[in-house]
Structure formats: structure tokens, C-alpha cells
């Protein structure tokens, strides 16, 4: 009897000559009655495209394999890969973003959000920043200013910047200035405060405020001075390349990159003891998250280069404000496509649990848009330990992410992927078509203001963002979509 | 027809009813004629115990599974695991080993060897050390002193010390002093010179000598001063534990451990700019091999604790002098069991090849006796790239080493081994029984004096050392073997 099932050359009698062979596609429960009768069932993991969203599904069908989109996505990937991110400077935020002081503006993580809808940790970070700037003497006064409209708010992403967790950036905070050596384009991030009780996790208190003031007064200036004396500029992509060989995925694990960057900078910092160089070395000796903000600013520079390509379905921003997750898509202009933020799966510090967790927050998922974090999880098996996983699961996550991306890194390699580059450039079409949501490694904040970090884990960007983007997507020249 | 082949219940006629099923055990060539006739042959990789050495084989048969040996080996492992290696000090060698100055003594890597039999790189290192000590003004004069007996030689291992490659230690060189925090026992190693043109690889020249003099005058004193100001002592095992999660196997790859140790020490070094602290930070910023000598001294401290246990067949030293490989065994006193040193398989720097390579050299294989290097290769897939291998091969090497060891690390873990500890404690019996030679990751020196490193790769400790050890091994109380 032929093994072929269906098609020409198999008669009905041949088909019925043997026992039935059953394949069950999609919902696994439908296989249960047959299994109960002893019939072997081959289950296939399948979900309808666009998770059954009919409008997005039909739209998607017309976009799959369109050569214009393929070309636009390739162009997006090439532009992202071509960026050579150099650490150019450390400057007070108001020096590079004068609107912060002029407009009493505070930047925050994620898509736009007003004070009333901000989650606890973000409100706490706003209060801390207002006090840091001297706009308010007490938390209550700061909250009053914020709610009365005397402080204005804007997403970091609207100012070429990114900030982890609450992502609040104010005028006096020192910023990393990263520059694409090929184009001179610049992007910004704040400096990392370390772990535990930090403003970005919504912690407040003298310890938090003292550290922020020290960062403005001593850390920033000593770093800036040290940078100026380096013989060769620091190429952040080179450090990321090393770190991916050293157990970092450069989002939730940054130990190797932090140690490498500190070792590189140490002699220059030591020469600026007067400006705070030795204190800076003490701070850096214990900050395993130090490189996170450099990884983020690298991702921001790359996605800025990849943004605005007509016909591209590649994601160029993925950010959470603690209430909503938002994405921007290269070919969809500056629109944010948002959905409610989920609570991450994670490992909690003693005494805390999921009921205490704030929904997903921070611009740090810019790392994932650049092929790091969850996309490079194979590089960092220690991370999956957060949620009881194995190195094999970490590798499978990276492999799954390759199903929803338009390219791969060429200069970066992951040993556990047989030295292949991490997958890069989330393609909204592929997310909808496969039903695979982008994996994000992340820290977890307490939902109440003032407390801080309570864990770390893994989460996913919600499908609804990608469905919305596909619904809104238009090819250049098509009705209603202006060609560039 | 039964599937069982042989045994009761299968008649000759049953046996001959089907086509033949052939298993070929050992030499694969014996299967070729049958394969040529189209007969499928199952080849089994098998070598006779002790590689066919009849005396050692019979001796081995009597030692396998002896409960007294099992107990002695377990005790050896426990003592090795209990060591808490702390970086206690940096001191001129003559301070801690006064015999170096008193006897015009130079230490060298590997088992004992006289000047005439020393390989090119070791003779070059002797010449450089004699000039460093001011015993000679020219290489020719130094060579005359060495050959006339006016310089004496002894293995590092005979002085509780270890040195990589040529391993030459002279009176004025600064030594790492490592101490077991539980017992106060001390072991020593020299400081790592970096990569490329170094005395330990047999390079000579003003660059090499200037660096050595700077290390004595500035690097050693600034490190010693920095160490004294640390609030907490540096536990080297903690750094090794971190590094195994970061792509190091702590023999041929030490990037992560070097960066971590440097970051830890940086503030304290910065505070001793007068003694050379900033120069030290500059040197450490670029020395990816810095931690190798710390890894070695940790292995030496552990194997010293495990040495001298009656009835133990565990290897407590594995060292090469560029002519011979030698091992010492815990239950065999201070005897060296030696065999000719092989040339490593490796990746060569441009312009060099195996014909230029010196046979295997250095005390650094003490790392392998402590479960690092080739035994922890799964942690460092980047290393196998030296010889064109894959991450899977790196993992298989660690798994193979587990077949010839008496235990596993508990405080150290390797992600790619599903977070199991690297195998630890080479059991001479298992090496002979399985025919598996210990894998060693190593640097490669040019065979001519004065040139230096030309590559890096993987080699194996020769079976003959282990066969000799088993032949000489005696249980305590047995004829001819004094009980302790």
C-alpha cells in the first residue's frame, strides 16, 4: 500500500484498507475523543493567522511574499546592520535636549501617557525627577505639579532617547550620547543606577536621590573626561559582540559587557580622580546592569536608521509605559500601535509574587528590536533559570524568534546557535502569520510607587499591536497612503 | 523469529534463517571487507584496557572497583573541593621562596629536566631570567652559566608553585600568593605577561625584558598595595564560578575572569597611582590571559590538598616541560610518571604551522587536574573554533572527561552541561580502562628560542604516564608500599 495520503494514484479502497491515520490541526482538545478510543493522533501546533482576526487576516494574506515589502524589509535590515554605534559623550540631558529645561518636560518610557494613567512606579519616578530638578520639595508637591499640568510629559522615543523601566529623564541627568560613526546621527539614554532600589523601578528615598545627585555631579563628568582621553573610541557593537560570547543577551544580563566596558575605561577614569573617577570605578565594580543603557542606545540608533522606509513591515520601536505596550513600524510613520501591557513571568525576590508586579514597563525592549534580549536568549542560558528553564529552552526561544524576523546579525554571533547571528528585525507579518509573539527579557517593578525592583523574568509583546499595525499598513502609492 | 542474538532459546537454524548481523569491536579496518560485500557492520569503538599493555592491564584489573581506592579517591575529591582559594598577596619570589636567591635557582614548568634537554623556548626563558636577575649581561653569557652548572634548576611544582608555558620563575619576579582560607596553606604563581611576545613562550628582546622589569618594579607593588585596601578578600573560586557562566574554561580562555577581576580591583589600583596603579590598569585593560595564573594557582592549592592520600589513584599534578609530560598521583608519593610530550593540534598565527611548534609545555594543565580547561570545555565553545570544532564537540569533550574522573565540582556549574559541575579528579584507572586521554587546552610556542607564541589549540596527556602510574601504584600496607 502506498504511504501517500490523498492526491492522485490512491483509490478509496486503498485508503480504507488500513487503520485510520489522524492528524489534528490546531486546538489539541479536539484530538482527545479519538485518543480515548485508542486511535493514534498526530497533533500539529497551528493557530489561525492573526489569531483569527478576520480583517487583519485578509489584509495579511495580501501582504505575504509581496516583493515590494521583501525589498523594503531587506533595506531596513541592511540600514540597521550598517550602524556603527560609538560612545561619543556623556552630557547633562538639557545640553543635548534643551526642551527638557525650557518646557519643564520629563521624558518617560513607552508610548505616550498622561499623568493620571501612569502606573505607580512611573508616577514615583516622575516625583523623584521633579524633586531632583528642584521643582518640588516634597513628593506631595511634586504630585500636585504633575497632576496640574505644570510638568509636561513626552515619550523618550519622541526625543531620540530610551530609558529602562519608568525611563524618566530630566534636565540635569547625565545622558549617554551614542553616535553612528557612519552618519553622525545621535541617540541618547540615561546612565544605569544599578540594581534594587532605583528610580527607574519606582523606588524613592534619600538613598535613591543621593545616588542620582552623585551621578549628575561626579559620575557624568568623570565619564565624560575619561572618554575624551581614550585613544580609540568605544564601539558599542564590538562590546556587544564579545558579550554574546560571554553569557549576556544584553538586556536582562549585562555582566560581561559591563565588566569589559569598565575594564576598558578604568585607566582613564583613574586619571580623573579629581572629577570623581575613583568613585565611578567603585560604582562600576558592583553594577552588573551598567551596560543595559548602552545596549538600549545601540538598539535605538540602529532602529532610527531603519525607520521610515516605505513598504517596510519591520518593527522599529517596542516600548512599554507600564499600562500599554506600543510598537512603531518602519513603513507606518510615527504611529504607535498599542495594547494593554501583560505582567511578566518571573522569579521574584523573597517576599514578593505576581500579585505585587507592575505590568511590563520600559523602553528596554528596544534591545529585542535589535536582535538582543529574548532574541539572543540562546547566548544567556543563566537567564532562563529565572523561570526554571533549561539551556535548550533558551536556544529554542532564539530559534522561534528567527521565524518572526526579517534578517540576522552578521557581526554578532551566538555560540549556542552554532555561531549564527541572532535574528533581527521583527516582521509584523510573520508575527501575525505564525502567532508567535516576540519574547522580551525584563526586570519586574512593584506596582506600588516607592518600592522598586521585585524580580526579573520573561514576557511577550502582545499580538494585538501587530494586528493593528498590519490593519493600518499601506504600501507606498496605495490609496490613502502617501508615497515618500 | 527472536531478535535475541546468542544465549538460550535461539537454535542454530534460527540464527542462520536471516541475513548475518555483524558487530565489529575495536580496529575499524577489520570491518572493511564485509562492508565491501554489502554486509552492514555495526562498529563499536573499543580499545583494550591499558592500550594492550599486559602488565598494566592485569594490575588494573585488580584495582577496578576496589572499595579502598574508591574511598581514597572520594577523600581526595572532597579535600580538593573544600579548598577556599583566596588571593592573599603579591610578593617578590625571593620573599616567599628564599631558596631562589640563595641557590641561584630558577624554577621551570613540568617534571625535572636538565639544561641540555630543555627545549628552545625554555632555554630562552632561562636566559631571560638570568639576565633579569643580573647574573648575565648577554644571552651567550647566560647560556654559559646555565650549561656550566652555575645556575640550578628545579620544577615549580617542587616549590608549591606553577608557571605557564616555560614557567620560569626567578628571585625578583613578583608572585601571586594564594591561600586556602580554611587551612592557611599557600601556593604561588608568577604574574601573566599577556599574549604574543612573552618570556613564557620563549620570546627574548628589549620589549620582553622591559615588561618584566616593569612588572617587578610597578605592577607587583601596586597590586600588593591595592589588595591590602580591599574590604573583602578575593575568593578565586567565586571568580571561576562566574567565568564558567561567561564563556571561559579558565585555561586557554580567561577573558571573563580577567575582566571581572580587573573591575573588582580597579578602584583600589586607582588609589595607588604613585606605585603604578594606573599603569597596571592600562596593562590589565588589554590582558585577556591575566586570570590564567590565578586559575593555575587555584588548581595547585586544590591538588596540594588532595595529594598524599594513601590508596588514591587521582592525579594531583599534570605538567609539561616541553620535552616530557609528567603526572603525579595522590597515592604514589612524589614520583613523576613521564612520557614524551606531543605537539598540540591547533590554530596557528599567520606564517606558522605544526612544523614550527614546540611539543606541549607548561604547568598550566594543573587547570585540567582541577576540572577546568579541557574538562570544562563545554563552557567555552569559542575555544573549539581554534581547531574547527562545534559547541556540540566542546560539550562532548567535557562529557568524555567525566568518564575518567572521580567526581564533579559542586560550586562550579557549566550552563551547556545543564548546569552540572565540570568533572574533577582524573582517575588513572579510568584513563587506562577507557583509553580516553585527558584533554588539555593550551597555547603553542615556537620551537626555536626567542620567538614566542605561534598559536593555541588542544592536546592530550599521553596514556603512557597513566600506565606507568598504575604499574607503580600500591595499596597502603601491600608489599613494598609503605603505609602512611
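Chains as they are written, first to last, in our numbering: chain A, 8 to 491; chain B, 8 to 491. C-beta: ideal position from N, C-alpha, C; glycine also. Fair warning: this is a prediction, and the values are worked out from it, not measured in the lab.
Identity of the residue in the options nearest residue i by Cα
i	options	result
residue 140/A	100/A, 129/A, 172/A	100/A
residue 185/B	241/B, 465/B, 363/B	241/B
residue 377/A	369/A, 387/A, 412/A	412/A
residue 158/A	345/A, 164/A, 142/A	142/A
residue 320/B	335/B, 283/B, 309/B	335/B
residue 447/B	122/B, 87/B, 138/B, 380/B	380/B
residue 349/A	239/A, 330/A, 355/A, 357/A	330/A
residue 313/A	87/A, 60/A, 29/A	87/A
residue 391/A	183/A, 352/A, 42/A	352/A
residue 162/A	107/A, 216/A, 247/A, 134/A	107/A
residue 280/B	228/B, 316/B, 268/B	228/B
residue 131/B	424/B, 267/B, 149/B, 344/B	149/B
residue 478/B	77/B, 65/B, 179/B	65/B
residue 474/A	432/A, 59/A, 51/A	59/A
residue 260/A	270/A, 247/A, 122/A	247/A
residue 408/A	61/A, 431/A, 18/A	431/A
residue 187/A	103/A, 93/A, 418/A	93/A
Residue i to residue j span [Cα, whole Å]
i	j	result
residue 232/A	residue 276/A	8 Å
residue 278/A	residue 285/B	7 Å
residue 219/B	residue 225/B	10 Å
residue 23/A	residue 32/A	21 Å
residue 181/A	residue 166/A	15 Å
residue 177/B	residue 318/B	36 Å
residue 202/B	residue 230/B	20 Å
residue 189/B	residue 304/B	16 Å
residue 453/B	residue 469/B	21 Å
residue 124/B	residue 435/B	27 Å
residue 137/A	residue 458/A	18 Å
residue 67/B	residue 466/B	25 Å
residue 460/A	residue 89/B	35 Å
residue 294/B	residue 72/B	45 Å
residue 119/B	residue 322/B	17 Å
residue 456/A	residue 289/B	43 Å
residue 433/A	residue 252/B	29 Å
residue 416/B	residue 244/B	11 Å
Cβ neighbours of residue i in the same chain (closer than 6 Å, five flanking residues each side left out)
i	result
residue 307/A	169, 194, 373
residue 199/B	296, 297, 299, 300
residue 54/A	442
residue 385/A	401, 402, 405, 421, 423, 424
residue 50/A	31, 35, 38
Residue i, DSSP secondary structure in three states
i	result
residue 355/B	strand
residue 368/B	strand
residue 390/A	helix
residue 211/B	coil
residue 128/B	helix
residue 300/B	helix
residue 480/B	coil
residue 114/A	strand
residue 325/B	strand
residue 426/A	coil
residue 175/B	coil
residue 373/B	helix
residue 76/B	helix
Whole-angstrom C-beta distance between residue j and residue i, which should lie under 8 Å
i	j	result
residue 387/B	residue 254/B	5 Å
residue 365/A	residue 126/A	5 Å
residue 422/B	residue 375/B	The Cβ separation is near 20 Å, so there is no contact.
residue 291/A	residue 271/B	Actually they are not in contact, since the Cβ atoms of residue 291/A and residue 271/B sit about 10 Å apart, beyond 8 Å.
residue 273/B	residue 250/B	About 17 Å; that fails the 8 Å criterion.
residue 212/B	residue 173/B	Residue 212/B to residue 173/B, Cβ: 15 Å. No contact.
Own chain, CB closer than 8 Å to residue i, minus 5 neighbours either side, in chain order
i	result
residue 8/A	Below a pLDDT of 50, predicted positions are generally treated as unreliable, and residue 8/A, at 37, falls in that range; no measurement from the model is reported.
Residues near residue i by beta carbon distance below 7 Å, same chain, minus five either side
i	result
residue 514/A	The structure shown has nothing for residue 514/A, since chain A only spans 8 to 491.
residue 327/B	116, 117, 348, 367, 368, 369, 372
residue 332/B	345, 346, 348, 367, 468, 469, 472
Residues of the segment 264-275 of chain A whose Cβ lies closer than 7 Å to any Cβ of chain D, in chain order = Judged by its chain identifiers, the structure shown contains no chain D, and its protein chains are A and B.
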